[in-house]
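Asker: Sending over a structure as structure tokens; questions will come in a sec.
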Amino acid sequence: MGSPSIGVFALQGDVREHLVALSELGVDAFAVRRLEELERCDALVMPGGESTTMVKLARAFDMFDAFADRIKTGMPTLGTCAGMIMLADRLRDGVVGQETLGGLDITVRRNAFGRQVDSFEGDVGFTIFDDPVHAVFIRAPWVEDVGPGVEVLASVAVPGVGDRIVAVQQGPVVATSFHPEVSDDLRIHRYFLDLVTATAT
Ligand code: GLN
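Sequential numbering of the sequence shown, starting at 1, is according to our numbering.
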């Protein structure tokens, strides 16, 4: 096939940053707000933002089930921060009744790093890269447990808590607790694009 058609969930979140990152990698990605746009997608990015608002808007625009179905039926998807929350099958510390699209067999704790360390940056070692990734965490979730089909790509040592998982992959679905879209490091987007290409062939 030609270049894959990649959409960014655009009902809420830092959509532009993902579009810019993808365009720097030569991909002309587009914003997804409606069904016709989702239908054009070979792959999807769920951005950082506010997961509670994302859910509300996806419901309000009658897009929730369509997104969830595409992800669960194998569409390659990259979720970052709130996007990771959206992709988690199980959620802790959500607002009452907070739904997720699901697709990743993980339990995620929302706003897990707590108020004192609301936002921070750090170098995170990845199993898939030689050098650490400089990661920006903003009211970030962490992953509390993963199912058997999920590969842990990165963890961080949280003082007084222990190691916590911050990046995972299950088949063609990848998620990070932090925001690769706000840094100049394009390795995570490139890794995802390679996965999209590999899945399509
Ligand atoms: N705390 C946000 C949420 O619950 C996620 C924050 C982010 O994406 N930077 O959705």
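Glycine is no exception: its CB is placed at the ideal position from the N, C-alpha and C atoms.
All values reported here derive from a predicted model rather than from experimental measurement.
Classify Arg109 as buried or exposed, calling it buried when 16 or more other Cβ atoms lie within 10 Å of its own Cβ.
Answerer: Flag for Arg109 reads buried.
Asker: Would you kindly report the start and end of the unbroken beta strand (DSSP E) that includes Gly162?
Answerer: Segment 162-170, the beta strand (DSSP E) holding Gly162.
Asker: Helix, strand or coil: which one does DSSP assign to Met84?
Answerer: Helix, per DSSP.
Asker: With DSSP run on the structure shown, which of helix, strand or coil describes Ala68?
Answerer: Reduced to three states, the DSSP call for Ala68 is helix.
Asker: Name all residues in chain order for which at least one heavy atom of the ligand GLN lies closer than 6 Å to the residue's CB.
Answerer: Taken from the N-terminal end onward, the list reads Gly48, Gly49, Glu50, Ser51, Cys81, Ala82, Ile85, Arg110, Asn111, Ile138, Arg139.
Asker: Rounded to a whole number of angstroms, what is the C-alpha to C-alpha distance between Val173 and Ile71?
Answerer: Computed Cα separation, rounded: 8 Å.
Asker: Ile138: which of Pro180, Leu186, Leu101, His18 sits nearest, CA to CA?
Answerer: Of Pro180, Leu186, Leu101, His18, the residue nearest in Cα terms is Pro180.
Asker: Using a Cβ-Cβ cut-off of 6 Å (strictly less than) and excluding sequence neighbours within five positions of Gly94, which residues of its own chain qualify?
Answerer: Here the set comprises Arg110.
Asker: What would DSSP say about Leu44, mapped onto helix, strand or coil?
Answerer: Correct three-state label for Leu44: strand.
Asker: Shortest alpha-carbon distance to Val156 belongs to which of Gln98, Pro141, Gly147?
Answerer: For the residues Gln98, Pro141, Gly147, the minimum Cα distance to Val156 belongs to Pro141.
Asker: Enumerate, from N- to C-terminal direction, the unbroken alpha helix (DSSP H) stretches of 4 or more residues contained entirely within the segment 113-193.
Answerer: Listed in chain order, nothing qualifies, since the segment 113-193 has no complete alpha helix (DSSP H) run of 4 or more residues.
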